[in-house]
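Scroll down for the structure; my scribbles are underneath it.
Residue numbers (the working numbering): 191 to 497.
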């Protein structure tokens, strides 16, 4: 999944983080004082576990969040979202170890108690591990963390829920629709997206800010193959809501396109820098990758283009 969708998930998690905790832990308000708010520790997480670009389709969205118990004590929550269309089989055996590395680095550096939640957005996410195990010569360790695959819950149950995160899951599930031709898929997506819009209209208890955030997620994460279908969708949304949302949706899509262009420009700029190093120096591919801030596979690909 491309980087722009990572940003959508990051923003979405920040908007509905309290709802997400209540979704997974219905009695969480007995334990945590969610009214006190939370602090997102992205900088601290990045310093402990920097993630350079990899030659893989697997994308991760990780959030480290400071929360407070009812007695005032500080706790931390690590929320991990695997943002991709299909689970990469090569990554599956190492996922549990990756979660464990997060745990011990956070605990070693900050000595903070922590819970972890891994959310899988792929259809086969149910097969991802929920623990990391190590055994050798009488020494053993098991690190178990919470997991959730978005295909676990039935659409009917999600639609009945009064939790905004349930609607986010419902929207994300629609992005997994496949196995049909583009026209049939677009028509089904149109009807499903309109059902979610109607559902949001009924859930006035969510509040305008969260409804707007979920609409942005729905518009930009669940995409039609045919752009013309989006015009139909916008017109139908106007009819359902009784107001003109067209410009807002167009602006959101324009922002995505602008981000795509910017990202493409960055890649081209890095490719040109790599070419300059390859042509004018005798540096190794590893050293060039380190200088430019790209994976070695990126340097190798540019090198092949020079032959």
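The beta-carbon is built from N, C-alpha and C at its ideal position, and this holds for glycine as well. Please read these numbers as outputs of a predicted model, since none were measured by experiment.
Coarse secondary structure for residue i, derived from DSSP in three states
i, result
"residue 152", "Residue 152 lies beyond the residue range present for the chain, which begins at 191 and ends at 497; the question has no answer from this structure."
"residue 344", "coil"
"residue 492", "helix"
"residue 300", "helix"
"residue 484", "coil"
"residue 464", "helix"
"residue 415", "coil"
"residue 497", "coil"
"residue 421", "helix"
Neighbour-count burial assignment, residue i, 16 or more Cβ in a 10 Å radius
i, result
"residue 353", "buried"
"residue 395", "exposed"
"residue 227", "exposed"
"residue 286", "buried"
"residue 322", "buried"
"residue 298", "exposed"
"residue 496", "exposed"
Whether residue i touches residue j by CB criterion (8 angstroms)
i, j, result
"residue 306", "residue 270", "yes"
"residue 334", "residue 345", "no"
"residue 422", "residue 391", "no"
"residue 337", "residue 308", "yes"
"residue 266", "residue 296", "yes"
"residue 174", "residue 325", "In the structure as shown, the chain begins at 191 and stops at 497. Residue 174 is therefore absent and cannot be evaluated."
"residue 343", "residue 359", "yes"
"residue 379", "residue 357", "no"
"residue 506", "residue 475", "Any property of residue 506 remains undetermined from this structure, which presents the chain solely from 191 to 497."
"residue 484", "residue 460", "yes"
"residue 292", "residue 268", "yes"
"residue 211", "residue 224", "yes"
Identity of the residues DSSP links to residue i by a beta bridge
i, result
"residue 431", "DSSP, once it has assigned bridges, lists no residue as partnering residue 431."
"residue 472", "Beta-bridge pairing links residue 472 to no other residue."
"residue 459", "Paired residues: none, contrary to the question."
Residue i: CB within 7 angstroms of a non-hydrogen atom of the ligand SAM
i, result
"residue 409", "Of ligands this structure carries none, so the ligand SAM is not represented either."
In chain order, each alpha helix (DSSP H) run of at least 4 residues that lies wholly inside the segment 339-413: 345-350, 354-364, 372-392 and 398-411
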